[in-house]
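Next comes the structure, spelled out in structure tokens:
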């Protein structure tokens, strides 16, 4: 069939010399991969292999390594031949030994880590450090030059690859997808990324589906369906598959070289058609199906059981090498089967033939600047906020939709980056629902699918990315940021949990990267979480979950930041900050519904810079001594309820000295030692007092505030209200009532907690109870909030 | 082309009378769907429509409803014709109005909720309650009879459907997949479930991909690729697509009836071939591609913009009905277009023609016992634990791999359910890695793909389910449990975060179900999390995350339970408990590596029943008064370190009165008011004291313990050690050292915290520091732990 280059083709695509050189490179990489897994001495096998040369703990993944080495070798060939700017995403991250081997061979490893030189001494260290305490992880990781993808948790290689290719028209992103990874949901969804790739302004992605047949313990699904079914699947996903299959290395080299050339020729044709001829039809991009045995060239049998070509080759095929002489003998034979003396000179340097396939220095995969995106990063052209800020003559007198105003700011950033094309907005079909639609005045939604007359804002060259897959959105954005660009992910608050595990991995990546001097800072991953827990009027309980904040705050404090701007101008100030920041994961939670304006832009900036502060205008302190009670708040709805409560207290208990504290930057509550944004105890005490009751209205799960503040002197007096999984389809005010976050409940909390007030204010407390009940009854009868809540204006 | 039944076929598959009846049923359902979104009075339109008949807040999703109504109508037809046991999973959960309409029409709604009678009064209440405070959610939800699937968060319909079909050979599970949902990762992965469905012992799944073309604001990907590409995709996924497309209702009815019959005939043939003829070849199961306009039969245009057939029909097509007379007029015309007087009699009862398509009572979709699985649930035949328990003469003298022993228990449960087939083990390719492989002696791994000679344990009829998709595993198990069966999900601890959002939704489902008297309890969703944070020797940082516990404990306390059994016998006792439990989500964290045995089975049972207790044999209390310090632990590795620390203290500071407390059931630490398992303060104080220092070694993020215990009297003296995101590829002992959880650090913590000890025990403290450093140096040099750690035996 067309496009198939299997080993039944006996013709010679490569000349003998080139074939021999490619094979030498591949054997060298295989030798180095095995060496890393097993050896802590005698790296060149200059003496017979002895038990003491073997690492005491054998950790690593051989199974995928020879396939990755094959891909790397052949990428080298086409990169060199075409001077092609290329990045590779290694989905089977467990193939660390392979990628380390290749970057060492091409010299980029030694350039990054001069201590690991490209000679016998360096080879010894390369072997020893692998999966060794104080060394390097067994995965492709931040420590690996040329990598933007760990692959420990599988599923994200292809979306990372597409993210890297966006707005990089000259770049080829090869992406090796293991057949295990191919079973995951995030990977399965990300195939459709090709409906969003602009052949004019974006680069190309070349998926290489590596079917070595097995996962840890099972055959893989895609390796066990008929080839015609797999072809249908790839066609159905918008690809033209090219097959390479076999277990005879020389024949596979021929087939792989031909497949690579076929794929790159086809990509060039697609790009030329779109760029020069203005072709607008979506092309079927090429992809390669590579079928080679798992653990290829490793031991065929161990202890009488088949290993090569089976799941038993997944990790360490010979596990008893130190104690079992037969295993030791097999290992030595295996290593010598690559003929190391032909590959390395006496000093351990790769011989010329091995290095023949290498492209020029800066084109080598381990040297890609795209994989160290900070090198390419430019500051984002964010306009002055004054143009977008809403006027605030008096707190609480006007309403704005915060995210809609933010949309105007994002529109300008899109305009300012129209030429540079280094900013993208991603989201799962919610940009307009989240009221950011002004952005469509500057750019459309990326779309290469069919269009109809009735469609709006679709644009083959657009930079808003919408697909109903949070995983794909996250993967695109990660890939985009890691290659040195900027972006924003807007998402329904509850459903961002879909990417909990992805953000874990990204935070871990950043935590490690920050400690590597050669990795340059990249733009932060910024979440705008909106359509939040308190305003799911339409969707109810299934759409209510503020726990992403808790999830993120478990992770490395040098990376994570959480902001809860209470109004429009504070959202602008926070957005400006996070879009300029580097190497963080910033979580910004903000409403899309009309929200009272509390602060002018200047006030908002000052407040956000402090992260938490007293809103003097809202309280009733007399300036002398400490307040009777602190009303604290974090989040837009809790802030409104606290201010309403403060107003009720001013009316009903005017002699009470109330302090209102608003927290924008949640990590401020942590001790200074626990987070760079944490407050010293003295600061905390100055805000919250050491001994006065604090009633804290919080956006999310209330116990999070305790988890942050438990070490503070005043913690015993801290009483937190928040969301406690009481929700349904109901009105906004009923939601706060159900969760005891409403203004009346907060006033009752104050009365219950300020010493002496319980008796003195008993009738006020009863009034509050009564009005809560009245609200409840009204809402059940009329289906809407009482006008006094809906039309409430703060008159403090 | 074969299999296409589009409206170009003009032949009459249905007779006139049947066609008219089906259309009447469909129109009635559409009328009722619109009524629910808009009306709070005048349900039968017996008077002209006035603004006061309209709900003040218009909430709901019209767009998907007519398509769901079409599917329901035609399922009724084939169920009746074939007396087919059927369950339907409604992926577009936003189509609540449709499913509510249909269950009301078939009478099952009124049977479940007698107050909502099948007459005008009931219709009025049906309309009013929808998306109304105190009423029902806008989604298909636990409140909806016949449903096992909410669909608020998209992606899980098809895996739920497969879970329901497993081991239900007579059941047909129809599954409507919206084209939005089809873009999600979990849905994309779950198509491959057909490689795991046994045509002999399992029922059938009929996917119905509903391409109405749009999501909230965008065209959907699958609606905008050529039909031939979609066909390739479906073939590639192992299906035979049948197309139904059109916008002329009468023609679509014809096509849909034919498609349903074609699909069910083909399913019957596949099952007959496998069951009677012993055919072993994997069949291409039928699926239906249904293309009808979004918001079909709704307003074609509103305010001059096209609505029907566009994204504008997604929610409420006419939004200004109360204030805009033209919108009101359009709504009335829309409602009257269904000719309600033909559909309902003067008392609001559906006329005979409307009900003609309904199957017998117990076959109606809203009456399916499978959708109220507790009705079908039988107790799991769990054998006596004595056969599996490990002998413990003396604590800490022997080692066992806890999960391996659990595997023996699971093997027997598999044996005991060989005939009943109501127990499944699921996991992402990790059953053997997690050392549960004994189970393969009782049953194999479900597999319908191609097989090779070298494969092991694959079984067309197996009940272990392995696919490298945590999403699919979770979806299968949820579907299986919700339909009244039992199961266990074993997963790497770090990667269970992949299903964070799915478990959220399942917990929410259970929380609501528990409050509905008619929903019967189902078996709990049980997680075995292993390959945990402390023993990722091979994989390192990317595989270290104990935060799933934190995630789950944010959710409804009536549903969530977390257990950390410290050894093999406690794991058995916990497993026995959770497998017998109902309506919970149980998280069990246990190691697979060799672990010291501490408790006999009897002791383990007693300890687990208490959930937390003093291990007197491990401490040095003299029985008089309170201890000087409490060493607490939760988790297998922390328990080992605490017992080692206790031993060091006994040796070095023999006069110190040390109490050792082990916590198995984490929720015990919560106040009684916060969780059903929570302790009263008096119990807590009796265990942990009110004022003595408590050094707590915890498996996960340390602040979780503070979040649970912050209200306790002794909280200020509580010092917690746990995982703080310090990890890499290293030795087991180096991991605890890096995170300050090691025995030496714990002894230092005790010395630092017991009053007066800092001076008296300064030299002991220095010794501990020294030995930690010695360990660190040894590990970096040799790559293994010092023998004294590796071979440590507790001698207390």
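Chains as they are written, first to last, in this note's numbering: chain P, 1 to 796; chain X, 1001 to 1796. Ideal Cβ positions, reconstructed from N, Cα and C, are used throughout, including at glycine.
Straight-line Cα distance separating residue j from residue i
| i | j | result |
| --- | --- | --- |
| residue 1777 (chain X) | residue 1165 (chain X) | 57 angstroms |
| residue 1028 (chain X) | residue 279 (chain P) | 48 angstroms |
| residue 59 (chain P) | residue 222 (chain P) | 27 angstroms |
| residue 1534 (chain X) | residue 1642 (chain X) | 15 angstroms |
| residue 1758 (chain X) | residue 1690 (chain X) | 21 angstroms |
| residue 172 (chain P) | residue 261 (chain P) | 13 angstroms |
| residue 248 (chain P) | residue 117 (chain P) | 33 angstroms |
| residue 313 (chain P) | residue 1194 (chain X) | 28 angstroms |
| residue 268 (chain P) | residue 1468 (chain X) | 35 angstroms |
| residue 1074 (chain X) | residue 1257 (chain X) | 6 angstroms |
| residue 1476 (chain X) | residue 1159 (chain X) | 5 angstroms |
| residue 1564 (chain X) | residue 487 (chain P) | 41 angstroms |
| residue 1343 (chain X) | residue 1104 (chain X) | 14 angstroms |
| residue 1687 (chain X) | residue 736 (chain P) | 37 angstroms |
| residue 808 (chain P) | residue 1452 (chain X) | Outside the shown range of chain P, which is 1 to 796, sits residue 808 (chain P), and nothing can be said about it. |
Identity of the residues DSSP links to residue i by a beta bridge
| i | result |
| --- | --- |
| residue 1586 (chain X) | X:1526 and X:1561 |
| residue 1177 (chain X) | X:1209 |
| residue 90 (chain P) | P:176 |
| residue 287 (chain P) | P:241 |
Proximity test, residue i beta-carbon vs the ligand GTP heavy atom, cut-off 7 angstroms
| i | result |
| --- | --- |
| residue 353 (chain P) | The ligand GTP is absent from the structure shown, which contains no ligand whatsoever. |
Integer-rounded CB distance, given that residue j should sit under 8 angstroms from residue i
| i | j | result |
| --- | --- | --- |
| residue 1526 (chain X) | residue 1464 (chain X) | Not a contact, Cβ separation roughly 15 angstroms. |
| residue 1598 (chain X) | residue 1627 (chain X) | Their Cβ separation, rounded to whole angstroms, is 19 angstroms, which puts residue 1598 (chain X) and residue 1627 (chain X) out of contact at 8 angstroms. |
| residue 220 (chain P) | residue 179 (chain P) | 4 angstroms |
| residue 210 (chain P) | residue 238 (chain P) | The Cβ separation is near 20 angstroms, so there is no contact. |
| residue 1143 (chain X) | residue 1505 (chain X) | Their Cβ separation, rounded to whole angstroms, is 15 angstroms, which puts residue 1143 (chain X) and residue 1505 (chain X) out of contact at 8 angstroms. |
| residue 1416 (chain X) | residue 1292 (chain X) | Going by Cβ atoms, the distance from residue 1416 (chain X) to residue 1292 (chain X) rounds to 48 angstroms, so no, they are not a contact pair. |
The region 1656-1670 of chain X touching the region 1630-1638 of chain X, judged by at least three CB pairs closer than 8 angstroms
yes
Below 8 angstroms, can you find three or more Cβ-Cβ pairs linking the region 1765-1784 of chain X to the region 1357-1368 of chain X?
no
When you check each C-beta in the region 1301-1314 of chain X against every C-beta of chain P, which residues fall closer than 8 angstroms?
1306, 1309 and 1310
Would you check if there are 3 or more beta carbon pairs closer than 8 angstroms linking the region 530-544 of chain P to the region 1543-1562 of chain X?
no
Would you call the region 693-709 of chain P in contact with the region 1103-1112 of chain X, where contact means no fewer than 3 C-beta pairs closer than 8 angstroms?
no
According to a CB-to-CB cut-off of less than 8 angstroms, which residues of the region 124-157 of chain P neighbour chain X?
131, 132, 133, 134, 135, 136, 137, 138, 139, 141, 150, 152, 153, 154 and 155
Please list the residues of the region 1044-1058 of chain X that have a C-beta atom closer than 9 angstroms to any C-beta atom in chain P, keeping them in chain order.
1055, 1056 and 1057
Using a Cβ-Cβ cut-off of less than 7 angstroms, give me the residues of the region 191-204 of chain P that come near chain X, in sequence order.
192 and 195
Residues of the region 400-432 of chain P with a CB closer than 8 angstroms to any CB of chain X: list them in chain order, please.
429, 430, 431 and 432
Under 8 angstroms, with one C-beta from each stretch per pair, do the region 665-678 of chain P and the region 610-630 of chain P reach the 3-pair mark?
yes
I want to know whether the region 1042-1056 of chain X touches the region 1312-1332 of chain X - three or more CB-CB distances under 8 angstroms.
yes
Can we say the region 380-387 of chain P touches the region 120-134 of chain P, given the rule of at least three CB pairs closer than 8 angstroms?
no
Can we say the region 1036-1049 of chain X touches the region 1184-1191 of chain X, given the rule of at least three CB pairs closer than 8 angstroms?
no
With 7 angstroms as the C-beta to C-beta threshold (strictly closer), list the residues of the region 1477-1488 of chain X near chain P in chain order.
none
Please list, in chain order, the residues of the region 487-516 of chain P that have any C-beta partner in chain X closer than 8 angstroms.
494, 495, 497, 498, 500, 501, 504, 505, 508, 511 and 512
Residues in the region 218-230 of chain P having any Cβ partner in chain X nearer than 9 angstroms
218, 219, 220, 221, 222, 223, 224, 225, 226, 228, 229 and 230
Validate contact between the region 1720-1732 of chain X and the region 1555-1563 of chain X using beta carbons, cut 8 angstroms, 3 pairs:
no
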